[in-house]
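Below is one structure, written out as C-alpha cells, with a few remarks after it.
2 protein chains.
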Amino acid sequence: MTRPERPTIRDVARVAGVSKGAVSFALNGRPGIAEGTRQRILDAARSLGWTPSHQARALSVSRAFAVGLVLARPPELLGADPFFPAFIAGVERTLSERGQALVLQVVPDARAEQDGYRRLAGAGRVDGVFLLDLRVADPRIALLRELGMPAVTIARPDVPSDFPALLVDDRPGITAAVRHLVELGHRRIAHVAGPAHFLHGSVRRRAWEQALTDAGLPASTVVESDFSAAGGAQATRVLLEAGERPTAIVYANDLMAIAGLSVAVEHGIAVPAQLSVTGFDNTELAGYVSPPLTSVRTDPYHWGRSAAEALLALIDGETVDDVAVPAAQLVVRASTAPPPPTV
Amino acid sequence: MTRPERPTIRDVARVAGVSKGAVSFALNGRPGIAEGTRQRILDAARSLGWTPSHQARALSVSRAFAVGLVLARPPELLGADPFFPAFIAGVERTLSERGQALVLQVVPDARAEQDGYRRLAGAGRVDGVFLLDLRVADPRIALLRELGMPAVTIARPDVPSDFPALLVDDRPGITAAVRHLVELGHRRIAHVAGPAHFLHGSVRRRAWEQALTDAGLPASTVVESDFSAAGGAQATRVLLEAGERPTAIVYANDLMAIAGLSVAVEHGIAVPAQLSVTGFDNTELAGYVSPPLTSVRTDPYHWGRSAAEALLALIDGETVDDVAVPAAQLVVRASTAPPPPTV
DNA sequence: CGGCGCTACTAAACCGGTTTGAACGCGAAC
DNA sequence: GTTCGCGTTCAAACCGGTTTAGTAGCGCCG
Numbered sequence: 001m002t003r004p005e006r007p008t009i010r011d012v013a014r015v016a017g018v019s020k021g022a023v024s025f026a027l028n029g030r031p032g033i034a035e036g037t038r039q040r041i042l043d044a045a046r047s048l049g050w051t052p053s054h055q056a057r058a059l060s061v062s063r064a065f066a067v068g069l070v071l072a073r074p075p076e077l078l079g080a081d082p083f084f085p086a087f088i089a090g091v092e093r094t095l096s097e098r099g100q101a102l103v104l105q106v107v108p109d110a111r112a113e114q115d116g117y118r119r120l121a122g123a124g125r126v127d128g129v130f131l132l133d134l135r136v137a138d139p140r141i142a143l144l145r146e147l148g149m150p151a152v153t154i155a156r157p158d159v160p161s162d163f164p165a166l167l168v169d170d171r172p173g174i175t176a177a178v179r180h181l182v183e184l185g186h187r188r189i190a191h192v193a194g195p196a197h198f199l200h201g202s203v204r205r206r207a208w209e210q211a212l213t214d215a216g217l218p219a220s221t222v223v224e225s226d227f228s229a230a231g232g233a234q235a236t237r238v239l240l241e242a243g244e245r246p247t248a249i250v251y252a253n254d255l256m257a258i259a260g261l262s263v264a265v266e267h268g269i270a271v272p273a274q275l276s277v278t279g280f281d282n283t284e285l286a287g288y289v290s291p292p293l294t295s296v297r298t299d300p301y302h303w304g305r306s307a308a309e310a311l312l313a314l315i316d317g318e319t320v321d322d323v324a325v326p327a328a329q330l331v332v333r334a335s336t337a338p339p340p341p342t343v
Numbered sequence: 001m002t003r004p005e006r007p008t009i010r011d012v013a014r015v016a017g018v019s020k021g022a023v024s025f026a027l028n029g030r031p032g033i034a035e036g037t038r039q040r041i042l043d044a045a046r047s048l049g050w051t052p053s054h055q056a057r058a059l060s061v062s063r064a065f066a067v068g069l070v071l072a073r074p075p076e077l078l079g080a081d082p083f084f085p086a087f088i089a090g091v092e093r094t095l096s097e098r099g100q101a102l103v104l105q106v107v108p109d110a111r112a113e114q115d116g117y118r119r120l121a122g123a124g125r126v127d128g129v130f131l132l133d134l135r136v137a138d139p140r141i142a143l144l145r146e147l148g149m150p151a152v153t154i155a156r157p158d159v160p161s162d163f164p165a166l167l168v169d170d171r172p173g174i175t176a177a178v179r180h181l182v183e184l185g186h187r188r189i190a191h192v193a194g195p196a197h198f199l200h201g202s203v204r205r206r207a208w209e210q211a212l213t214d215a216g217l218p219a220s221t222v223v224e225s226d227f228s229a230a231g232g233a234q235a236t237r238v239l240l241e242a243g244e245r246p247t248a249i250v251y252a253n254d255l256m257a258i259a260g261l262s263v264a265v266e267h268g269i270a271v272p273a274q275l276s277v278t279g280f281d282n283t284e285l286a287g288y289v290s291p292p293l294t295s296v297r298t299d300p301y302h303w304g305r306s307a308a309e310a311l312l313a314l315i316d317g318e319t320v321d322d323v324a325v326p327a328a329q330l331v332v333r334a335s336t337a338p339p340p341p342t343v
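As you go down the protein sequences, you meet chains A and R in turn.
Mapping of the first sequence onto UniProt numbering: position 125 corresponds to residue 125, and the numbering continues sequentially without gaps.
Mapping of the second sequence onto UniProt numbering: position 93 corresponds to residue 93, and the numbering continues sequentially without gaps.
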C-alpha cells in the first residue's frame, strides 16, 4: 500500500537539464522555448511517467477543475426519478472530456441545499455549479451571486434566472398530449400533477390547463400528487371514484401513470377502451407495460451535456446565452384511444 | 462576477497578531497554544469569515479529500437501473458528513473504465476508489494495486477481491423466492437471468439452480437477458411460447419482471392464476403494477453508506475487514399464487 | 548563578505547480 | 564598438495551507 513516489516537474527539470520554469512552459506549449529544448523536456517527462499534480495546479491557478451539483432529494426518491441518472451521466461525459470533475452532494431537503452550495463555494471546491429544481424567487440565486460563483440553471419558462439557463420547456409535450386526446374525441381530460412547488410540476399543470382552454374545453379536475408511484395510485383512485369520471388522464410523469394503470385495472376500467392515459418522461418501461404507455419523450442526457458545456464556457469567462433544448415529443402508444361512445 | 477575495490564514494571523503557524495550530486544535491566544485567533478567523482553502490543504497534506467511482455503463441504461442512484446517494451522504467529495466518472464500456481509474489516480484527484461490477480475475484489481490506490469492492460471493469488500449476497433472496414458489406447489420454475458476465447476473442464476436442486426439482429453463425491459419482454416471450410452459418465472430484476407481466397479458395468460412471477430489487413501482409484484428487497442506499465508511477508514490507514450486508428479503405480493390445478 | 526543561510562539521550509523579472547570448543597426 | 532588441532561459516569488526547527521567556533545581 506504499504509494509510489510520483515524479514532479522538478525531476523532469533535472533530467532535461533545465529549470522548473522552462519545464512548465514547455509542457503547456507556451512560446519562448527552443524547439530542441522543448523536445528534450517532453521526452524527459514521458520517460519519467510524469503526470501533473491536480492539487498543485489547482492551488497555483486557483481553480478547482470541478463543478458542483447539489441534489435536494430524500435519497429514497432518487432511485425512482429517471431524470437524475441520465442528466448526471450527460454532465459527466462532457466534464471528463475536458478534465473536469463533478462534485455531487446529496442533501435531504431544500434548507440543507443552501448550506451545500455554501460549503462547496467556501472551500473553493468547485468553479461553478448547476442549479436544479429552480423555484420562483429562488434564494440560491442571490446566494450564488453574493459568492461570485458562476452557475447555470435548469430553468423553466417564465422564470428569469439571472444566470445563463438551459431552457427546458415541457409545455409542447403536454400540449401535444392533450391535443392528441382531444383529437381522439375526449372532453373530460383530468390531470395528475407533480407538487406545485416544483416548477416542472406547476409548468406541466398550467400547460394542461392552457391546452384545454385552447381546445375550447372547460376546466377539468386536477389532483396534485408527488411524482411517486404511491402518489400516482392514490390520485388515480380519487379521480376514478369521483362522480363524473374523466375519460382521459394526463399524468405529469410515467411513474404515476404506470401506477395509475393498475388502479384502473383494479377498478375494472379498461385502458384504453374506457380510459386513456398519458405519461411523461418516456422511461424505458413505458413501452413495456400493458397497455404500452403513450408518453412524452425528453432527453435529460443531452440536457446534461449542454448544461455542462454552458457552465464550462461561463467559467472560462465567455459570455453565455441561454440554451434552448429541443421540444419534448409525444410518443403515441396503445394507452390512448377514442373515449367510449356512451357517456 | 468578481469573486470576493477570500481571507487566508495570513490575514487571520495579522489580525490576531500572531504567526501563520500559530493560526494553523490553533485552528486544528493542536496543543502548544495558550488558551487566550487560541481564542483570539478563533475570534479573528470568525470575524473575517475565514474558511480553509481546500486546494491549499490538499496540496500540503497531499490528500485529495475525494474518492472516485467509475461507472462503466452506456448512459441510456443508467436511467433504468434503480441501483446506482440509491447507492450513490448513500455514498455521498457519508462522504459529505466527513467533508469528502465524490468524483464520478461515467464511461461507455469496460475498456474505458481502466483509463478512468488511471486518470483519477494519476492526477491525484482521489484518495481511494470503489470497484463495482466486479468480474472474475478483474484486471482493475492489479491496476489499483500497482497504483497503490486504496479501494473497496462491491463483491459477490466466491470472488476474492484482494481489497476490503462489501459482501452483497443475492442468493438468500433468490432462494427465498424459489422456496416460496415451491411451497405454493410450483414445479416448473423458469428464470430470466441477467448477463452472465455480470456477477450479479450469474450469482442469481446459480442461486436459482441451486434452490431448484435443493427442492428436489429437475433443472428448468433459463433465458439469459440483459436487465432491460425490452430484454425481459423478449425473454418472457420465449418462455411463454415454449412447448412446456413454466408455471412460474423468477426474474433477475424488477424491470424485466414488469415487462414480463405485460407479455403475459398479451398472451392471455393470467397472473398469478396461470403464471406466478417474482422480481428483484423491490423498486417502488413493484408495489403498484398489476398485479403487485412479489420481489426481493435490497438496500443499495445503505450499501453505499457502508462502502463509503469502509473506504474512508481504509484511506485513514485503518485495517478494514469485509463488511457483510443484511440478507435480501422476499416481499410477497399478489403476483405469486399456487399453480393452476390442471397441467 | 548556570544549566535544564518546559511552554508558547516565530520563522522558514515545504507541497508541486505557474508566473514574473531579470539576465544572458547573439546578431543587426548606428 | 557600443547599443539596441530579440529569443531563450533561469531564479525566485507565489498560491494557502502544514510542519519542522529553532528561540525567547520562565520557573526550578542543584
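The beta carbon of each residue, even a glycine, is placed where N, CA and C say it ideally should be.
Residue i versus residue j: straight-line alpha-carbon distance, rounded
{"i": "E266 of chain A", "j": "Q234 of chain A", "result": "12 Å"}
{"i": "P139 of chain A", "j": "R118 of chain A", "result": "12 Å"}
{"i": "A142 of chain R", "j": "L199 of chain R", "result": "19 Å"}
{"i": "Q329 of chain A", "j": "W208 of chain A", "result": "15 Å"}
{"i": "A177 of chain A", "j": "Q100 of chain A", "result": "39 Å"}
{"i": "V343 of chain A", "j": "Y251 of chain A", "result": "Confidence at V343 of chain A is low in this model, with a pLDDT of 49, below 50, so its placement is unreliable and the value that follows should be read with caution. Using only the alpha carbons, I get a separation of about 22 Å."}
{"i": "M149 of chain R", "j": "L311 of chain R", "result": "11 Å"}
{"i": "H54 of chain R", "j": "V320 of chain A", "result": "28 Å"}
{"i": "A211 of chain A", "j": "I174 of chain A", "result": "8 Å"}
{"i": "M1 of chain A", "j": "V129 of chain R", "result": "With a pLDDT of only 45 at M1 of chain A, under the threshold of 50, the placement of this residue in the model should not be trusted; the figure read from the coordinates follows. M1 of chain A and V129 of chain R: Cα-Cα distance of roughly 14 Å."}
{"i": "R57 of chain A", "j": "R6 of chain A", "result": "15 Å"}
{"i": "D43 of chain R", "j": "G124 of chain R", "result": "34 Å"}
Cβ of residue i within 8 Å of any chain A Cβ
{"i": "Q329 of chain R", "result": "no"}
{"i": "residue 345 of chain R", "result": "Nothing in the structure corresponds to residue 345 of chain R, since chain R is present only between 1 and 343."}
{"i": "G122 of chain R", "result": "yes"}
{"i": "G90 of chain R", "result": "yes"}
{"i": "E113 of chain R", "result": "no"}
{"i": "L78 of chain R", "result": "yes"}
Opening and closing residue of the beta strand (DSSP E) in which residue i lies
{"i": "A165 of chain R", "result": "A165 to L167"}
{"i": "E224 of chain R", "result": "V222 to E224"}
{"i": "I9 of chain R", "result": "Premise fails: I9 of chain R lies in the alpha helix (DSSP H), I9 to A16, not in any beta strand (DSSP E)."}
Three-state secondary structure (DSSP) of residue i
{"i": "I189 of chain R", "result": "strand"}
{"i": "residue 352 of chain A", "result": "An answer regarding residue 352 of chain A cannot be provided, because it is not within the stretch 1 to 343 covered by chain A."}
{"i": "S228 of chain A", "result": "coil"}
{"i": "R135 of chain R", "result": "coil"}
{"i": "I154 of chain R", "result": "strand"}
{"i": "V70 of chain R", "result": "strand"}
{"i": "S47 of chain R", "result": "helix"}
{"i": "R297 of chain R", "result": "strand"}
Cβ of residue i within 8 Å of any chain R Cβ
{"i": "Q105 of chain A", "result": "yes"}
{"i": "Y288 of chain A", "result": "yes"}
{"i": "T51 of chain A", "result": "yes"}
{"i": "F280 of chain A", "result": "no"}
{"i": "H54 of chain A", "result": "yes"}
{"i": "L255 of chain A", "result": "yes"}
{"i": "L59 of chain A", "result": "yes"}
Status (buried if at least 16 other CB within 10 Å, exposed otherwise) for residue i
{"i": "V61 of chain A", "result": "exposed"}
{"i": "D214 of chain R", "result": "exposed"}
{"i": "P75 of chain R", "result": "buried"}
{"i": "D316 of chain A", "result": "exposed"}
{"i": "G32 of chain A", "result": "exposed"}
{"i": "Q105 of chain R", "result": "buried"}
{"i": "A219 of chain R", "result": "exposed"}
{"i": "G17 of chain R", "result": "exposed"}
{"i": "E113 of chain A", "result": "buried"}
{"i": "N28 of chain R", "result": "exposed"}
Continuous alpha helix (DSSP H) stretch holding residue i: start and end
{"i": "F65 of chain R", "result": "Unbroken run through F65 of chain R: none, as it is neither H nor E."}
{"i": "A258 of chain A", "result": "According to the sequence shown, residue 258 of chain A is Ile rather than Ala. Counting along the chain, the alpha helix (DSSP H) containing I258 of chain A begins and ends at D254 to E266."}
{"i": "I174 of chain A", "result": "R171 to L184"}
{"i": "A86 of chain R", "result": "F83 to E97"}
{"i": "V203 of chain R", "result": "L199 to D214"}
Residue i: CB within 7 Å of a non-hydrogen atom of the ligand MG
{"i": "L42 of chain R", "result": "Summarising the ligand content, the structure contains no ligands, and the ligand MG is consequently not present."}
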